[in-house]
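Mapping of the sequence shown onto UniProt numbering: position 126 corresponds to residue 126, and the numbering continues sequentially without gaps.
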Amino acid sequence: MKECSICSSSASLNGAIHWLIAPPCGPAYSPRPESLLAFDLATEKFQVYKTPVLPKNINWLMSLVVLGGYLCFIVTSFLKYNDVWLMKEYGVESSWTRIYKIKQGAVPWNFHYCKPLIFSRNGKKVKLKEGHEGGANLKRGKRIEIQNLPSDFSTAVCIGSLLLLDDGDNVAEEER
């Protein structure tokens with residue numbers, strides 16, 4: 001694998017850890033993510049996938065999360081819009097699908113970055129992490145307040161695991 005710059009925090013899905021990567025660049029500018037790097041924990045092998053093609057010469061902030069069991073590529077064009085893309089079929093580059101775009105002015109609040117956290121059961125509403133916690137109706141751009149939350153808190157996604165985190169190897173002798 002060639003040298004690259006990691007441009008995002010990791011996202012874990014399908015037994016692999018994923019990062020946005022870009023070719024290395026000089027210190028004068030930051031790298032532009034062009035690919036997704038996956039490290040399969042079972043096979044200990046790397047795989048590279050292309051991200052959706054974005055217009056050039058625009059200032060972007062990009063991140064990678066898991067949303068509804070899919071890899072989710074978030075693109076923020078500062079003060080213009082937020083795009084959210086899902087890889088509908090894992091490992092298939094052509095399956096990247098833009099699921100929504102929030103344009104500045106289309107919602108009744110200002111935003112710089114809206115991270116999707118979860119979809120409603122019918123898929124028509126998305127819970128966003130923005131300046132304060134709320135939700136948005138994807139069709140109408142309506143803010144939905146969530147009652148009884150503290151005024152200031154942060155969110156974290158937890159992925160359950162059956163893996164034990166102790167010092168033993170927990171492998172029976174006959175399995176060795």
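Idealized CB from N, CA, C, for every residue including glycine.
Asked	Found
Where does Thr-43 land, buried or exposed, given buried means 16+ other C-beta within 10 angstroms?	exposed
Between which two residues does the beta strand (DSSP E) holding Thr-97 run?	96 to 103
With a 10 Å radius around its C-beta and 16 neighbouring C-beta atoms as the bar for buried, classify Ser-9 as buried or exposed.	exposed
For Glu-89 and Asn-14, I'd like the C-alpha separation in whole angstroms.	12 Å
Please name the residue or residues paired with Tyr-81 in a DSSP beta bridge.	Ser-77, Lys-103
Tyr-49 bridges to which residues according to DSSP?	Leu-36
Between Lys-101, Ile-102, Tyr-100, Trp-85, which has its C-alpha nearest Ser-94's C-alpha?	Trp-85
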